[in-house]
Amino acid sequence: MLFDPEIFIQQLLSPAYLWGAFISVAVAVLSLLLATGIGFFVALGRTSPKRSWQAPAGAYVWFFRAIPALLVLLIMWNALPQMFPVFRQDWYTPFVAAVVGLGLVEAAFMAEIIRSALQSVDEGQSLAGRALGMSPAQVMLKVTLPQAIRVALPPTGNEFIGLVKYSSLASVISLRELLTTAQVGVNITFRYAEYYAAAIIYYLIIVTALTLLQSAVEKKFTWTSRTTVKKTKAPAKAGL
Numbered sequence: 007m008l009f010d011p012e013i014f015i016q017q018l019l020s021p022a023y024l025w026g027a028f029i030s031v032a033v034a035v036l037s038l039l040l041a042t043g044i045g046f047f048v049a050l051g052r053t054s055p056k057r058s059w060q061a062p063a064g065a066y067v068w069f070f071r072a073i074p075a076l077l078v079l080l081i082m083w084n085a086l087p088q089m090f091p092v093f094r095q096d097w098y099t100p101f102v103a104a105v106v107g108l109g110l111v112e113a114a115f116m117a118e119i120i121r122s123a124l125q126s127v128d129e130g131q132s133l134a135g136r137a138l139g140m141s142p143a144q145v146m147l148k149v150t151l152p153q154a155i156r157v158a159l160p161p162t163g164n165e166f167i168g169l170v171k172y173s174s175l176a177s178v179i180s181l182r183e184l185l186t187t188a189q190v191g192v193n194i195t196f197r198y199a200e201y202y203a204a205a206i207i208y209y210l211i212i213v214t215a216l217t218l219l220q221s222a223v224e225k226k227f228t229w230t231s232r233t234t235v236k237k238t239k240a241p242a243k244a245g246l
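For what it's worth, our numbering labels the leading residue of the sequence shown as 7, then goes sequentially.
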């Protein structure tokens with residue numbers, strides 16, 4: 007069959023694809039928020055001097071980095087309702103299972119990103135904050151985290167873009183995201199090229215928008231010292 011532009015445009019503008027794209031982005035956003043929350047505490051455990059905190063945090067990272075995300079989703083949707091009746095209720099939808107499953111897996115990677123970002127901050131700055139009378143919590147919030155965020159932003163943006171694509175794995179648990187929407191149309195019409203091409207366009211648009219957003223956020227958190235150096239050099243050149 008030849009590629010039919012009319013079918014392609016029709017699917018590209020269809021509400022089903024728009025809703026599928028929204029579901030994919032929503033799963034990625036909520037999964038990243040969950041992963042960042044869990045990953046932060048796991049990272050604190052990984053950097054803690056206490057072995058009683060290091061061991062469970064390290065075990066979490068090891069476990070979820072080793073298991074494929076697809077397997078976790080299948081366990082979340084198929085195994086948990088068999089073992090625990092609470093997961094057989096109406097509130098436990100494929101959307102919830104996808105967010106929690108991907109969030110648990112992504113938390114292992116976010117923990118490593120946050121750990122490396124926290125360790126990039128010089129210990130002397132924390133000591134200076136304590137010398138000024140700050141509590142450990144205040145040192146973390148006012149001294150360490152603002153600097154660690156700058157380091158963690160680029161890899162976190164990459165993980166977010168990856169989550170948008172990984173949301174397509176949720177098609178195995180019947181979540182009607184973008185890829186599932188395309189697959190349903192293919193199963194009815196057998197027009198592979200037009201339906202999959204429409205899905206590709208949506209993924210390209212989403213990833214391009216997220217890349218631009220990531221770039222803008224990174225510029226906002228650029229070191230102020232670098233900006234100051236550039237401004238002070240400009241008048242010297244003009245005087246020459």
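Ideal Cβ placement from N, Cα and C applies to all residues, glycine included.
task = Note down the Cα distance separating Gly45 from Ala203, rounded to an integer number of angstroms.
result = Here residue 45 refers to the residue found at position 39 of the sequence shown. Here residue 203 refers to the residue found at position 197 of the sequence shown. Taking the straight line from one Cα to the other gives about 35 Å.
query = Which residue from Ile179, Leu169, Tyr208, Val170 puts its Cα closest to that of Ala188?
reply = For this step, residue 188 is matched to residue 182 along the sequence shown. Ala188 has its Cα closest to that of Tyr208, out of Ile179, Leu169, Tyr208, Val170.
inquiry  = Alpha carbons only, please: which of Arg52, Leu8, Pro21, Gln16 is nearest the one belonging to Leu184?
reply    = To locate residue 184, count along the sequence shown from 1; it is residue 178. Answer by Cα proximity: Pro21.
request  = Answer yes if the stretch 108-123 comes into contact with the stretch 64-79, meaning at least three C-beta pairs across the two stretches below 8 Å, and no otherwise.
outcome  = yes
Three-state class that DSSP yields for Arg136 in the structure shown = Taking the sequence shown and counting its residues from 1, one reaches residue 136 at position 130. If DSSP states are grouped into helix, strand and coil, Arg136 belongs with the helices.
request  = Sort Arg136, Arg52, Ala85 by Cα distance to Ser122 and report the nearest one.
outcome  = Here residue 122 refers to the residue found at position 116 of the sequence shown. Nearest C-alpha to Ser122: Arg52.
task = Please report how far the alpha carbon of Ile206 lies from the alpha carbon of Leu40, in whole angstroms.
result = For the purposes of this step, residue 206 is identified with residue 200 of the sequence shown, where counting begins at 1. For the purposes of this step, residue 40 is identified with residue 34 of the sequence shown, where counting begins at 1. Cα to Cα, the separation comes out at about 27 Å.
message = Please report the distance separating the alpha-carbon of Pro142 from that of Val178.
response = Walking along the sequence shown from the start, residue 142 turns up at place 136. Walking along the sequence shown from the start, residue 178 turns up at place 172. So the two alpha carbons sit approximately 45 Å from each other.
task = Give the straight-line distance between the Cα atoms of Ala65 and Val35, rounded to the nearest whole angstrom.
result = Translated into positions along the sequence shown, residue 65 becomes position 59. Translated into positions along the sequence shown, residue 35 becomes position 29. Whole-angstrom Cα-Cα distance: 25 Å.
Whole-Å CB distance - Phe132 paired with Val157, under 8 Å assumed = On the sequence shown, position 126 is the one that residue 132 refers to. On the sequence shown, position 151 is the one that residue 157 refers to. Note that residue 132 corresponds to Ser in the displayed sequence, not to Phe. Going by Cβ atoms, the distance from Ser132 to Val157 rounds to 15 Å, so no, they are not a contact pair.
query = Nearest to Val102 by CA position, among Gln17, Glu12, Trp83, is which residue?
reply = Position 96 of the sequence shown, counted from the start, is the residue given in the question as residue 102. The option with the nearest alpha carbon to Val102 is Trp83.
Assigned exposure category for Leu181 - 16 Cβ within 10 Å defines buried = Along the sequence shown, one-based indexing puts residue 181 at 175. Its Cβ being crowded by 16 or more others within 10 Å, Leu181 is buried.
task = Put Ile81 into one of helix, strand or coil per three-state DSSP.
result = One-based indexing of the sequence shown puts residue 81 at position 75. Ile81: helix per DSSP, three-state reduction.
message = Could you compute how far the alpha carbon of Thr234 sits from the alpha carbon of Gln153?
response = As a position in the sequence shown, residue 234 is number 228, starting the count at 1. As a position in the sequence shown, residue 153 is number 147, starting the count at 1. Reliability of the predicted coordinates at Thr234 is poor, the pLDDT of 47 falling under 50, and the value obtained from them is presented with this limitation in mind. Distance between the alpha carbons of Thr234 and Gln153 is about 17 Å.
task = Would you tell me roughly how many angstroms separate the C-alpha atoms of Pro91 and Val31, rounded to the nearest one?
result = One-based indexing of the sequence shown puts residue 91 at position 85. One-based indexing of the sequence shown puts residue 31 at position 25. The straight-line gap from Cα to Cα measures roughly 29 Å.
key: C-alpha gap between Phe227 and Thr217, whole angstroms   = For the purposes of this step, residue 227 is identified with residue 221 of the sequence shown, where counting begins at 1. For the purposes of this step, residue 217 is identified with residue 211 of the sequence shown, where counting begins at 1. Computed Cα separation, rounded: 16 Å.
request  = Would you mind working out which of Thr99, Val145, Phe69, Phe93 sits nearest Ala117, comparing C-alpha positions?
outcome  = Your numbering for residue 117 matches position 111 in the sequence shown. Checked all of Thr99, Val145, Phe69, Phe93; the closest Cα to Ala117 is Phe69.
Straight-line gap, Pro161 to Pro100 (C-alpha atoms, nearest Å) = Locating residue 161 in the sequence shown gives position 155, counting from the first residue. Locating residue 100 in the sequence shown gives position 94, counting from the first residue. The straight-line gap from Cα to Cα measures roughly 28 Å.
query = When the distance is taken between beta carbons, is Glu129 closer than 8 Å to Phe14?
reply = Walking along the sequence shown from the start, residue 14 turns up at place 8. Walking along the sequence shown from the start, residue 129 turns up at place 123. In this structure, Glu129 does not lie closer than 8 Å to Phe14 by Cβ.
request  = Go to Thr53, then tell me how far its alpha helix (DSSP H) extends in each direction, as first and last residue.
outcome  = Start at 1 with the first residue of the sequence shown, and residue 53 comes out as number 47. Run containing Thr53: 21-53, per the alpha helix (DSSP H) assignment.
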